[in-house]
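Trainee: Chains as they are written, first to last, in our numbering: chain Z, 1 to 477; chain H, 1 to 104.
Using N, Cα and C, we set each Cβ at its ideal position, and we do this for glycine too.
What follows is a single structure, and I will ask about it in a moment.
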Amino acid sequence: MSFDIAVLGAGPAGMAAATQAAQRGARVVLLEESPAPGGQVYRSPPTGFVIPADADSREGDALRAALMQSGAEVRTGCRVWGVGGGPLVPQGEASTPFRLDALGADGVPFDVTARALVLCTGTHERIIAFPGWTLPGVLGLAAATILLKAQGVLPGQRVVVAGAGPLLFAVGAKLLKAGAEVAAVVDLATRGEWLRALPSLAARPDLLARGAAWRAALTLAGVPVLNGHRVLAAEGEAVLRAVRVVRLDGTDAQAIEADALCIGHGLVPATEATRAFRAAHRYAAEEGGWVPVLDGDRRTSIDLLYAAGDGSGVRGAAAAPASGRLAALAALHDLGMLDATAHNAARAIPAREFTRAARVGSAMARMMALRPALVTVVAPETIICRCEGTTRAQIDAALDDGATDMNQVKQYTRCGMGPCQGRLCGETAAEIVAARVGGREKAGFATGRLPLRPVPMEALLGDFDYADIPVPAPAPI
Amino acid sequence: MDAARQRDMLIGVANPLRIAGISRPAEVPFTFNGKILHAPSGEAVASALLAAGIRRLGEGLDPTRPRAALCMMGVCQQCLVRVDGRLAQSCLVPVRTGLVVTSA
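In structure tokens:
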């Protein structure tokens, strides 16, 4: 199937981009991995579940409703594993339409082609390794929001919430409301850091009020909020029993009994697709890490390839729809479907919205930026890569042996070669490398490779059989 | 008593980890490693296992570090199980009647 514009990812940016483009007459396809559009913040519960509405669900429902009326073709539950076309053609040949290869919700492989491609791939969570982080009972902060908001399931009955950023307080307050006991909130940030972030929140009083309500709920319930603390270890035999925490200066260690630890150290933009297309990237710690180089209209360095939402730099869900609309308008203009005057008029409002919402988003993203001190203290025996079992000592040994960047460390140690493809270990490993080679720019990133997501080989092969392999006629002797 | 809570009682969602006040579809049976479990139709398999008190999903390469659901959004691959024989991320697969789930 051929389209004018394909959008990858149906979070707030992707939904808004597809809606905008389809409303203006483009043939649009939107591909999403989850069973329904929404993304993580506006994730909808499964069919048949009725969860009481909150501010997030109302905003998500509004974006979903507009998308459904826009005429864009929405394919959910499909796993996009391949990207091609565009600049990925033999040297000297003209670029072709983009191609996305996917495994459908029905298990049947399919592909779509489109003249322009808008990537709205969102983020995944950064969890810096610590002893015991592989124990069952330890899960991500974002995972906790999904369990609470979209599944109606508690991660545990007595929960420690730890890490950095506003998600700490969102998860803490939601756990309380849902009936769990919150044993403690363990915040890397000091009170001073939060106070300094406050002025930037003034641009969106609604978000500021929500954050204040979360904190008030925790205070009212008598939940200890430990500022300037980190998790030293998760402890237990078969499953989590206690969380050992300590002040950032190493004093005041204490163990807190819990059956779940929800921990997250910020969000990392998912740049697999822009890396696969070999677009230009830059390292921006305060935006979550490596991000594609973009112009003000979300154009990447590759013709007709755009990136929007948190996947192109963490600015928060509130800023994402405006950046999606900017990308859609730029694509329409670049495809000759929107003239310069109309484009200029149409982009003014989303450009203003983005700037305003991004101010708050940037302040929160700074709170969630990677703290190198957390990586410095990772012990040699700690597992960094859960898929391959690579420890810090093995990464250090690779560096001693002469590895100089992330690709080499991957080849020396297999760190990042497992099924998560480095999404979980990448940040810890890169920071270890960066400390030795002189910064994240020098450490680089693992080259983008297909498949973008693991896919079962049998699903891709379909009915193809060994006997179907074409065998050329033998050459005459 | 509100409608959601009434329905919860009707279908016997008395699990301490399932949040009250949410209306859910009827529970359906499925199996994990041969054990019959019940969960609302459509709930993610990973959530259903968590609610059933099952956190160890697979033993990975090393028996000292079992796998458990970590990201719940299809990224980490830690919740891999076999669903009807095929490798799948349990956080992305909805519960349906008769699913046969085994550790991977």
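Using a Cβ-Cβ cut-off of 8 Å, state whether residue 408(Z) counts as contacting chain H.
Mentor: Chain H, which has no Cβ nearer than 8 Å to the Cβ of residue 408(Z), makes this no.
Trainee: Using the C-alpha atoms, what's the distance from residue 272(Z) back to residue 419(Z)?
Mentor: Near 14 Å, if we compare the C-alpha coordinates of residue 272(Z) and residue 419(Z).
Trainee: Quick one: what does DSSP say residue 487(Z) is sitting in, helix, strand or coil?
Mentor: This structure cannot speak to residue 487(Z), because chain Z is shown only from 1 to 477.
Trainee: In or out: residue 390(Z) buried (at least 16 other Cβ within 10 Å) or exposed?
Mentor: With 16 or more Cβ atoms within 10 Å of its Cβ, residue 390(Z) is classed as buried.
Trainee: Could you spell out the range, first to last residue, of the alpha helix (DSSP H) harbouring residue 154(Z)?
Mentor: Unbroken run through residue 154(Z): none, as it is neither H nor E.
Trainee: In chain order, what are the residue ranges of uninterrupted alpha helix (DSSP H) at least 4 long that sit wholly in the region 13-64 of chain H?
Mentor: With a minimum length of 4 residues, the continuous alpha helix (DSSP H) runs that stay inside the region 13-64 of chain H are 45-51.
Trainee: Is the CB of residue 383(Z) under 8 Å away from at least one CB in chain H?
Mentor: Judged by the 8 Å Cβ criterion, residue 383(Z) is in contact with chain H.
Trainee: What span of residues does the beta strand (DSSP E) with residue 89(H) cover, start to end?
Mentor: 86-89 is the span of the beta strand (DSSP E), which, as asked, contains residue 89(H).
Trainee: For residue 356(Z), name the three-state secondary structure that DSSP assigns.
Mentor: Residue 356(Z): helix per DSSP, three-state reduction.
Trainee: In this structure, does DSSP put residue 405(Z) in helix, strand or coil?
Mentor: Coil at residue 405(Z), not helix or strand.
Trainee: Less than 7 Å between C-beta atoms, sequence neighbours within five positions excluded: which residues of the same chain meet that for residue 33(H)?
Mentor: Only 102, 103 meet the Cβ criterion.
Trainee: Would residue 125(Z) count as contacting chain H if we go by Cβ distances under 8 Å?
Mentor: Yes, because at least one Cβ of chain H sits closer than 8 Å to the Cβ of residue 125(Z).
Trainee: Can you round the beta-carbon distance between residue 82(Z) and residue 39(Z) to whole angstroms, since I take them to be within the 8 Å contact cut?
Mentor: Actually they do not touch by this definition, with Cβ atoms about 22 Å apart.
Trainee: So, are the CB atoms of residue 70(H) and residue 140(Z) less than 8 Å apart?
Mentor: Going by C-beta atoms, residue 70(H) is nearer than 8 Å to residue 140(Z).
Trainee: Can you list the residues of chain Z that residue 187(H) reaches, using a CB-CB cut of under 7 Å?
Mentor: Beyond the ends of chain H as shown, which are 1 and 104, falls residue 187(H); an answer cannot be given.
Trainee: With distances taken between CB atoms, is the gap from residue 236(Z) to residue 137(Z) smaller than 8 Å?
Mentor: Yes. Within cutoff.
Trainee: Flag residue 115(H) as yes if its beta-carbon sits less than 8 Å from any beta-carbon of chain Z, otherwise no.
Mentor: Examination of residue 115(H) is not possible in this model, given that chain H is present from 1 through 104 alone.
Trainee: Since residue 268(Z) is in the alpha helix (DSSP H), which residue starts that stretch and which ends it?
Mentor: First-last for residue 268(Z): 267-269, but that is the beta strand (DSSP E), not the alpha helix (DSSP H).
Trainee: Could you tell me the alpha carbon to alpha carbon distance between residue 238(Z) and residue 227(Z), rounded to whole angstroms?
Mentor: Distance between the alpha carbons of residue 238(Z) and residue 227(Z) is about 29 Å.
Trainee: Per DSSP, residue 82(H) forms a beta bridge with which residues?
Mentor: Partner(s): 87(H), 102(H).
Trainee: At 4 residues or longer, and completely inside the region 102-167 of chain Z: list those alpha helix (DSSP H) runs for me, N to C.
Mentor: Entirely contained in the region 102-167 of chain Z, the alpha helix (DSSP H) runs reaching 4 residues are, in chain order, 141-146.
Trainee: Tell whether a beta-carbon distance below 8 Å holds between residue 374(Z) and residue 230(Z).
Mentor: In contact: residue 374(Z) and residue 230(Z) (Cβ atoms closer than 8 Å).
Trainee: If the cut is a Cβ gap below 8 Å, which residues of chain Z does residue 19(H) touch?
Mentor: Within chain Z, the residues near residue 19(H) are 148, 152, 153, 154, 178, 179.
Trainee: Can you give me the start and stop residues for the beta strand (DSSP E) that residue 323(Z) sits inside?
Mentor: Careful: residue 323(Z) lies outside any beta strand (DSSP E), inside the alpha helix (DSSP H) at 320-334.
Trainee: Identify, in the order they occur along the chain, each residue of the same chain with its Cβ nearer than 8 Å to the Cβ of residue 462(Z), setting aside the five sequence neighbours on each side.
Mentor: If we look at residue 462(Z) and ignore the five residues flanking it on each side, its Cβ neighbours are 108, 109.
Trainee: Pull out every residue of the region 12-41 of chain Z whose Cβ sits closer than 9 Å to any Cβ of chain H, in chain order.
Mentor: Per Cβ criterion, the list reads 33, 34, 35, 40.
Trainee: Looking at chain H, is there any beta carbon in it that lies within less than 8 Å of the beta carbon of residue 89(Z)?
Mentor: So, not an interface residue.
Trainee: Check the Cβ of residue 51(Z) against every Cβ in chain H and list those closer than 7 Å, keeping chain order.
Mentor: Neighbours of residue 51(Z) on chain H, chain order: 22.
Trainee: Look up residue 447(Z) in the DSSP assignment and say whether it is helix, strand or coil.
Mentor: It is coil, neither helix nor strand.
Trainee: Tell me, please, whether the region 249-267 of chain Z touches the region 146-166 of chain Z by the rule of three or more beta-carbon pairs shorter than 8 Å.
Mentor: Because the criterion of three Cβ pairs below 8 Å is met, the region 249-267 of chain Z and the region 146-166 of chain Z touch.
Trainee: If we cut at 8 Å on Cβ distances, does residue 163(Z) have a partner in chain B?
Mentor: The structure shown has no chain B; the protein chains it does contain are Z and H.
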